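Visitor:
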Amino acid sequence: MATYAIGDIQGCFDELTALLEKVNFSNDDRIWIAGDLVNRGPKSLETLRFLKQLGDQAICILGNHDLHLLAVHYGAVSSKRSDTLTPILEAPDRYELMNWLRRQKLLHIDKEQNYAMVHAGIPPCWTINKARKRAKEVEQVLKSTLAREFFNHMYGNKPDIWSGKHEGWDRLRIITNYLTRMRFCNPEGKLDFTAKGTLESQPPGYLPWFKLPRKDPQDNETRILFGHWAALEGEADAEHVYALDTGCVWGNKLTALRLEDQQVFSVDALGTKPAPPPTSRYIFNR
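In UniProt numbering, the protein residues as written are 1 to 286.
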């Protein structure tokens, strides 16, 4: 039995099936998906249906595009011009798929294999255990009758630094932004939302979140898997940190990491892909 951690699919279903064929994926294997299952690629509906039917074989993390889909579904925002979500929103099994999606995790920890998977990252101001507890705060709301109200308050860049004094929607928003949108932050955990390029593009006083010392040094031994940052092209250049988003939706590759031996498998993007968005735009900006 093998476990494969896969980067952002974003509706690139044909590449996903090609990647699973390449690794000879079987009924005894497992896949972990680092979020952004949907959007901008051509087959988001097929991707959701496939992952849902895998049941316990798949662990799916929620990314910012997945949360955006749910926000559109609940009427909190309208679809954007660059979205490719219409087939999901018009599907006969739309409500079943959305109920499944909102029950997925923001952070998965496997203590036996010593891995943690998140979409964007874990801020240095939190321990991994604290991150798990805070992720659960948002997950519980997503599963509840408060989900619609959550999406009405999810969008925004403030607060941009953690405080235990944050309450209500502000608290849930910054937890969500850390786990699904973060790239650069400062040593105190203050977020920057202006840069999304390579490691050299950080603003003064900021670093990639995984280059900053962790609050608990023991967490340095946990191997962190993340997606979200296609500009890294799968290279985080940090010990025990694995960048999985290799920009399939932008015409590059879809990548899997076999957790048992850290072997990397990739397939090239197929067909015509959309042009990358301007670097100043973020899916959570209105």
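Note that CB positions come from ideal geometry on N, CA and C, so glycine has one too. Predicted model, so just to flag it, every value in this text is computed and none were measured.
1. Residue 267 and residue 43 look like a contact to me (Cβ under 8 Å); what is the Cβ gap, rounded to whole Å?
2. Alpha carbon to alpha carbon, how far is residue 207 from residue 142? Give it in angstroms, no decimals.
3. Check the DSSP bridge columns for residue 228 and list the partner residues they point to.
4. Helix or strand or just coil, what does DSSP make of residue 54?
5. Can you give me the Cβ contacts of residue 157 inside the same chain, cut-off strictly under 7 Å, excluding the 5 residues immediately before and after it?
6. Taking all protein chains shown into account, do 16 or more other C-beta atoms lie within 10 angstroms of the C-beta of residue 176, making it buried, or fewer, making it exposed?
7. Quick check on the DSSP output: the beta strand (DSSP E) that includes residue 258 runs from which residue to which?
8. Is residue 229 closer than 8 Å to residue 181 when the C-beta atoms are compared?
9. Following the continuous alpha helix (DSSP H) through residue 209, name the residue where it begins and the one where it ends.
10. Please tell me whether residue 139 and residue 106 are closer than 8 Å, where the distance is taken between their beta carbons.
11. Buried or exposed, going by whether 16 or more other CB atoms sit within 10 Å of the CB of residue 123?
12. Starting from the N-terminal side, write out each stretch of the alpha helix (DSSP H) that is 4 residues or longer and does not extend beyond the stretch 120 to 148.
13. Going straight from the alpha carbon of residue 282 to that of residue 90, what length do you get?
14. What whole-angstrom Cβ distance do residue 51 and residue 67 have, given they're in contact under 8 Å?
15. Taking a contact to mean a Cβ-Cβ separation below 8 Å, would you say residue 35 touches residue 61 in this structure?
16. Checking the sheet assignment: what are the DSSP bridge partners for residue 73?
17. Once the 5 residues before and after residue 104 are set aside, which same chain residues still bring their CB inside 6 Å of it?
Guide: With the structure as the only source:
1. That belief does not hold up - the Cβ atoms of residue 267 and residue 43 are roughly 15 Å apart, past 8 Å.
2. 31 Å
3. Bridge partners of residue 228: none, in fact.
4. coil
5. 193
6. buried
7. 253 to 258
8. no
9. Here residue 209 belongs to no alpha helix (DSSP H), and DSSP marks it neither H nor E.
10. yes
11. buried
12. 128 to 143
13. Note that residue 282 scores 33 on pLDDT, short of 50, meaning its location in the model is unreliable; the coordinates nonetheless yield the value given after this. For residue 282 and residue 90, the distance between alpha carbons rounds to 25 Å.
14. The pair is not a contact, with the Cβ atoms about 16 Å apart (cut-off 8 Å).
15. yes
16. Beta-bridge pairing links residue 73 to no other residue.
17. 60, 62
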